[in-house]
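J.: The following block contains the structure, expressed as structure tokens.
Numbering (our numbering), first residue to last: 536 to 756.
Printed below as a string of structure tokens:
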């Protein structure tokens with residue numbers, strides 16, 4: 536009887552020891568994951584704050600604080616055109632080999648470049664792999680319209696009276712020579728509208744000229 540009682544106590548002690556050890560390992564593992572996660576976020580936010588290698592790798596997108604910095608009420612599409620010496624225009628994106636759609640079958644890759652950093656490269660790539668007349672210039676045209684026109688008719692009719700037809704604003708953003716020399720460079724249409732609204736408001740103009748303390752962060756180059 537005494538031996539049986541000792542065996543039960545030993546088994547219970549061993550089970551308790553294994554349970555405590557397993558619980559401690561889980562706790563250490565959880566703390567390690569949380570520490571690594573918070574450390575990566577801290578490094579990413581600090582690098583973004585001082586503008587250090589913000590776009591050096593696609594993974595940096597996941598450790599900045601402005602992943603979803605806001606949504607505009609306007610939809611934009613980019614058209615890359617080439618004007619030949621005959622006056623005829625050619626569409627360069629998507630190229631004759633087809634469209635590459637990364638996230639939506641209706642949106643090609645040229646529409647995912649809001650800063651216009653790769654428009655010229657796409658245009659020159661299409662011209663280099665096609666036969667065409669001599670090209671006079673390359674144009675990057677931005678088309679914008681209100682997102683309310685994207686709603687199906689039966690939903691738009693419930694929200695607000697829908698104007699007949701979609702109204703787009705067309706804006707020439709960049710003009711290049713065939714060798715890539717920039718001729719004209721303009722800001723995006725929405726940014727130009729914001730600047731025009733500011734210049735049309737005397738009160739906002741006075742506020743912008745008023746001396747206010749600021750904290751400027753960024754590199755001068």
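Ideal Cβ positions, reconstructed from N, Cα and C, are used throughout, including at glycine.
Keep in mind it's a predicted model, so treat the numbers as computed, not measured.
(1) Can you list the alpha helix (DSSP H) stretches of 4 or more residues lying completely in the stretch 645 to 733, in chain order?
(2) In terms of residue numbering, what span does the beta strand (DSSP E) encompassing residue 607 cover?
(3) Could you check the C-alpha separation between residue 637 and residue 649 for me, to the nearest Å?
(4) Under a three-way DSSP split, which group does residue 581 fall into?
(5) What does a CB cutoff of less than 8 Å around residue 704 pick up in its chain, not counting 5 residues either side in sequence?
(6) For the 8 Å Cβ check, are there 3 or more pairs between the stretch 616 to 628 and the stretch 578 to 589?
(7) Please list, in chain order, all residues of the same chain as residue 612 whose beta carbon is under 6 Å from its beta carbon, the five residues on each side excluded.
(8) Using a 10 Å radius around the Cβ and a threshold of 16 neighbouring Cβ atoms, would you call residue 674 buried or exposed?
(9) With DSSP run on the structure shown, which of helix, strand or coil describes residue 576?
(10) From the DSSP output, in three-state form, read off residue 536 for me.
(11) What residue range does the alpha helix (DSSP H) around residue 743 cover?
(12) Reducing DSSP to helix, strand and coil, say where residue 625 ends up.
(13) Could you check which residue in 583, 610, 606 has the C-alpha nearest to that of residue 760?
(14) Counting beta carbon pairs with one atom in the stretch 623 to 641 and one in the stretch 651 to 661, are three or more of them shorter than 8 Å?
(15) Only counting the same chain, and skipping five residues up and downstream in sequence, which positions put a Cβ closer than 8 Å to that of residue 685?
(16) If I measure Cβ to Cβ from residue 683 and keep anything under 6 Å in the same chain, skipping five residues before and after, which residues do I get?
(17) For residue 740 versus residue 711, is the C-beta distance shorter than 8 Å?
(18) Would you mind sorting residue 569 into buried or exposed? The rule is 16 or more other CB atoms within 10 Å of its CB.
(19) Below 8 Å on the Cβ atoms is my guess for residue 693 versus residue 709; work out the distance and round it to an integer in Å.
T.: Concretely, from the data shown:
(1) 654 to 663, 688 to 694
(2) No beta strand (DSSP E) contains residue 607, which DSSP labels as neither H nor E.
(3) 15 Å
(4) helix
(5) 678, 679, 680, 724
(6) no
(7) 646, 678
(8) buried
(9) helix
(10) For residue 536, the predicted structure reports a pLDDT of 49, less than 50, and the residue's modelled location is therefore unreliable. The matter cannot be settled from this model.
(11) 737 to 744
(12) strand
(13) This structure cannot settle anything about residue 760, because the visible part of the chain is limited to 536 through 756.
(14) yes
(15) 610
(16) none
(17) no
(18) exposed
(19) Not really, about 40 Å apart at Cβ, beyond 8 Å.
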